[in-house]
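Okay, structure first, notes after.
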Amino acid sequence: MRTLRYLQAAGCAPERRRQGSLGSDGDQPPFVQGVVIRSFSGRQAAVGSEGVTLFGVVTRDATALSRALGVDAVSLRELVALVRRVPYVRIDASTLAIRDYRSVVEGAFANRPVMPAPFGTVFRSRDALVRWLELHYVALMEGLEFVHDKSAARVRMVAQADAVGPDFEAAVFDSVRVLSRHAIATVSKPEGAEHGARVADASFLVEREKWSAFTDAVKDEQERSPAVNIEHTGPWPAYDFVRLQFGG
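Counting in my numbering, the sequence shown runs from 17 upward without gaps.
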């Protein structure tokens, strides 16, 4: 798919699909795996200086949207970065901070396409953010076009107590294959465990007009696959399908 190649080459690449099942973070965005300061230049700002944390990137005039979300808008031609001034320090992945991050990203998603930034992304300054927008302008615009009118679904498959290994693996493989037919892109992660049960998670990027067909397919797979319990959540922003580059 040409759009995927553009995103991958220019720094907004979807995560590559891997064989096997996925380990999900439940209802939390997948980026909350570590807390880092992501600086455009790589240079450390003075201790105690003020930076800006990036929630996501949208297009068009976003003045009213940013006010409604309680953030600032930094514009560069058609791009608008949703940000908030913060100290230039690591952002702890507390429940409150994650909830705030999600409220901004998902609030924007309810209004228009959004490219989510990883949780905890902090630029040294507004100028550093603008330079990053300039450097990745084409890729960000193409990325926003790619996620336009699409939503992400997260599907969790949990092995039934009486399911043997091969039954579960076959059911997961078949279900992901079937559901992928209703999606633009699919992301998978290594298999995990929950309360002693084997768990597989998958994310699917689905065109909004085909969302009902996708959810119907999930229900059909649950009926067809007695070895697993299948649940899905969404629609979500494209958390699992966007990877932004911050190198200078």
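Even glycine gets a Cβ: it sits at the ideal position worked out from N, Cα and C.
Here the structure is a predicted model, which is why all the values come from computation and not from measurement.
Reference residue i; option with closest CA among the options
i	options	result
V171	R76, V121, R100, V215	V215
V74	R128, E207, V234, F184	R128
R100	E210, A109, L145	L145
P103	R83, E94, V68	V68
L160	V130, A187, P134, S219	V130
K205	V192, S91, K226, E225	V192
A187	I107, T249, D108, Q238	Q238
Beta-carbon separation (whole angstroms), residue i vs residue j, contact threshold 8 Å
i	j	result
V244	V194	That belief does not hold up - the Cβ atoms of V244 and V194 are roughly 13 Å apart, past 8 Å.
K166	V222	6 Å
V87	F71	6 Å
F220	A168	7 Å
P132	P251	Actually they do not touch by this definition, with Cβ atoms about 14 Å apart.
Residue(s) in a DSSP beta bridge with residue i
i	result
I246	M173
S91	V96
W252	A168
P134	The partner list for P134 (beta bridge, DSSP) is empty, contrary to what the question assumes.
S219	R170, V203
G266	The first residue shown for the chain is 17 and the last is 264, placing residue 266 beyond what the model contains.
Per-residue burial, residue i [other beta carbons within 10 Å of its own, 16 or more giving buried]
i	result
A61	Reliability fails at A61, whose pLDDT of 42 lies under 50, so the model's placement of it is uncertain and the value that follows must be treated cautiously. It is buried - the Cβ of A61 has at least 16 other Cβ atoms within 10 Å.
D232	exposed
H152	buried
G58	Any reading at G58 needs caution, since the residue's pLDDT is 40, under 50, leaving its predicted position unreliable; the model's value is listed next. That one is exposed.
V105	exposed
D77	exposed
R115	exposed
S110	exposed
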